[in-house]
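In order, the protein sequences belong to chains A and B.
Those letters in the first sequence? Residues 60 to 216, by this note's numbering.
Those letters in the second sequence? Residues 60 to 216, by this note's numbering.
What follows is one structure encoded as structure tokens, with my remarks underneath.
There are 2 protein chains.
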Amino acid sequence: MTAGTESRGTDHEAGSAPLSLRGLVGPALKRAHHLLHSEAGRCLEPLGLRGATYAALSVICDRPGLRQGELAGVLSAERSNTVGTVEALEAAGWIERRRIEGDRRVWTLLPTEAGRSLCRRADALMQAQEDRMLAALPPRDRARLITLLERIAPPEG
Amino acid sequence: MTAGTESRGTDHEAGSAPLSLRGLVGPALKRAHHLLHSEAGRCLEPLGLRGATYAALSVICDRPGLRQGELAGVLSAERSNTVGTVEALEAAGWIERRRIEGDRRVWTLLPTEAGRSLCRRADALMQAQEDRMLAALPPRDRARLITLLERIAPPEG
DNA sequence: TATTGTTATACTCTATAACTATA
DNA sequence: TATAGTTATAGAGTATAACAATA
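Here it is as structure tokens:
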């Protein structure tokens, strides 16, 4: 902290990233996430879905009957922020909410047949989208990438 | 699209992600990014920086004299969204803006000595933060991860 | 008292269009 | 007419606290 005044390079081919950011995972992660996320949004839009509603619908189809709070947990989202998502799915007729016996506070979430059908279409779309966006990565590298990312942030902390 | 009614599993150890999201890079990318990004924010806060201001300062220290529009390009940000960032850095005394000769529309960005000093501290903090967050990944895997991410979204598209 | 879902709110990040002053 | 920077604004995404109904 007391040393020299200049440790950074001064000549650049126009457009390279700064040295100090080169070794960090964060910036690379941010760019990749932003690219995939925005592209996924454009893909899902024609289906009437967004990233959040697709993810929620997918979880509900996979675990029919789960509670709203469990959904929030799986999505790594705040309970308060899943309310709108669930309402949107219900309003569109893609899921139903049911009370359970014994505890009238909780809502249970079930996909409708329309919801299941939509989810299958969305799954296919998203798979195709990743095939397109990740064309530079052979399947093996894709799996490796997922493994690395999940070692940083395991699913369902 | 005409086939069966049920292709998803029904028994789960509580807390696993849906099958259809398992093979996708997007969700894993999102979780890792969210975790690193929010943690980076907490790290930088005591220095008076946020992710965006740190990244901008780093670029300016590395390429002193670059234009504001070039900065936006390197940051993959809209020009309009870099205005506030640059103003914040200038107001804090970490950078200066200078006109150039020959074109009075452009601003040139230069770090002050205080800015360089702060940036060195922030670099060290961010390096330490990643060492902590990515403890599960040996350096070799970290480099591999960056390589994979940059094949999806190359720096400075 | 604690918990489930809800409301309200605020803050960050990003995108878009329109403006100014220069060129 | 085009460009650099700016302003204004809108939309996502996320975080927090407080509330009602129920346990």
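Don't be surprised by glycine CBs; every beta carbon is placed ideally from N, CA and C.
| request: Would you mind sorting residue 86 of chain A into buried or exposed? The rule is 16 or more other CB atoms within 10 Å of its CB. | output: By the 10 Å Cβ count, residue 86 of chain A comes out buried.
| Inter-residue spacing [alpha-carbon to alpha-carbon] between residue 78 of chain B and residue 206 of chain B | Roughly 27 Å separates the two Cα atoms.
| query | Which parts of the segment 161-211 of chain A are runs of the alpha helix (DSSP H), unbroken and 4 residues or longer, counting only runs that do not cross its ends? | reply | The qualifying runs are 172-192, 198-211.
| field | Contiguous alpha helix (DSSP H) assignments of at least 4 residues, all confined to the segment 66-126 of chain A | value | As summarised for the segment 66-126 of chain A, the continuous alpha helix (DSSP H) elements at least 4 residues long and confined to that stretch are 78-81, 84-103, 110-121, given in chain order.
| field | Chain-ordered chain A contacts of residue 182 of chain B [CB-CB under 8 Å] | value | Those within 8 Å of residue 182 of chain B in chain A are 79.
| query | From this set, B/98, B/101, B/93, B/88, which residue's C-alpha is nearest residue 99 of chain A's C-alpha? | reply | Among B/98, B/101, B/93, B/88, the Cα nearest to that of residue 99 of chain A is on B/88.
| said: Going by C-alpha to C-alpha distance, which of A/108, A/126, A/198 sits closest to residue 165 of chain A? | reply: Out of A/108, A/126, A/198, A/126 has the C-alpha closest to the C-alpha of residue 165 of chain A.
| task | Take residue 119 of chain B and list the residues in its own chain whose beta-carbon comes closer than 8 Å to its own, dropping the five residues that flank it on each side. | result | Within the same chain, residue 119 of chain B has close Cβ partners 125, 130, 148, 154, 168, 169, 170, 174.
| field | Burial state of residue 90 of chain A, where buried means 16 or more other Cβ atoms lie within 10 Å | value | It counts as buried.
| request: Look at residue 211 of chain A and residue 195 of chain B and say whether their C-beta atoms are less than 8 Å apart. | output: Inclusion of residue 211 of chain A and residue 195 of chain B in the CB contact set at 8 Å is warranted, their separation being smaller than that value.
| message | Going by the DSSP bridge assignment, what does residue 157 of chain B pair with across the sheet? | response | Partner(s): B/167.
| query | Between the segment 111-129 of chain A and chain B, which residues of the former have a C-beta closer than 8 Å to a C-beta of the latter? | reply | The segment 111-129 of chain A vs chain B, Cβ under 8 Å: 114, 117, 118, 120, 121, 122, 123, 129.
| field | Expected contact under 8 Å - CB spacing of residue 189 of chain B and residue 83 of chain A to nearest Å | value | Between residue 189 of chain B and residue 83 of chain A a beta carbon distance of about 6 Å is seen, short of the 8 Å cut, so the two are scored as contacting.
| message | Against chain A, with Cβ distances strictly below 8 Å, would residue 154 of chain B count as a contact? | response | Taking Cβ atoms only, chain A never reaches closer than 8 Å to residue 154 of chain B, which makes this a no.
| Is residue 187 of chain B close to chain A, meaning its C-beta is less than 8 Å from at least one C-beta of that chain? | No, its Cβ sits nowhere closer than 8 Å to a Cβ of chain A.
| task | Could you tell me the boundaries of the alpha helix (DSSP H) in which residue 150 of chain A lies? | result | First-last of the alpha helix (DSSP H) with residue 150 of chain A: 138-150.
| message | Strictly below 7 Å CB to CB, what residues from chain A border residue 97 of chain B? | response | Under the 7 Å cutoff, chain A gives no residues; its nearest Cβ is about 11 Å from residue 97 of chain B.
| Helix, strand or coil: which one does DSSP assign to residue 134 of chain B? | The answer is coil: DSSP assigns residue 134 of chain B none of H, G, I, E or B.
| task | Establish whether the CB of residue 42 of chain A and some CB of chain B are separated by less than 8 Å. | result | One cannot answer for residue 42 of chain A here, as it falls past the ends of chain A, which runs 60 to 216.
| task | With DSSP as the reference, label residue 215 of chain A as helix, strand or coil. | result | Coil.
| field | Under 9 Å from the C-beta of residue 200 of chain A: neighbouring residues of chain B | value | Ordered by position in chain B, the residues that pass the 9 Å Cβ test against residue 200 of chain A are 207, 210.
| How big is the Cα-Cα spacing for residue 73 of chain A and residue 135 of chain B? | For residue 73 of chain A, the pLDDT reaches just 48, beneath the cut-off of 50, and the residue's location in the model is therefore unreliable, although a value from the coordinates is still provided. Here the C-alpha atom of residue 73 of chain A lies approximately 14 Å from the C-alpha atom of residue 135 of chain B.
| field | Inter-residue Cα distance where the pair is residue 115 of chain A and residue 122 of chain A | value | Those two C-alpha atoms are separated by around 10 Å.
| task | Compare the C-beta of residue 84 of chain B against all C-beta atoms of chain A and say whether one is closer than 8 Å. | result | Chain A, which has a Cβ nearer than 8 Å to the Cβ of residue 84 of chain B, makes this yes.
| From residue 140 of chain B to residue 143 of chain A, what distance separates their C-alpha atoms? | For the pair residue 140 of chain B and residue 143 of chain A, the Cα-to-Cα distance works out to about 28 Å.
| Where does residue 76 of chain B land, buried or exposed, given buried means 16+ other C-beta within 10 angstroms? | Answer is buried; the Cβ neighbour count reaches 16.
| Roughly how many angstroms lie between the CA atoms of residue 213 of chain A and residue 204 of chain B, to the nearest whole one? | Taking the Cα positions, residue 213 of chain A is about 16 Å away from residue 204 of chain B.
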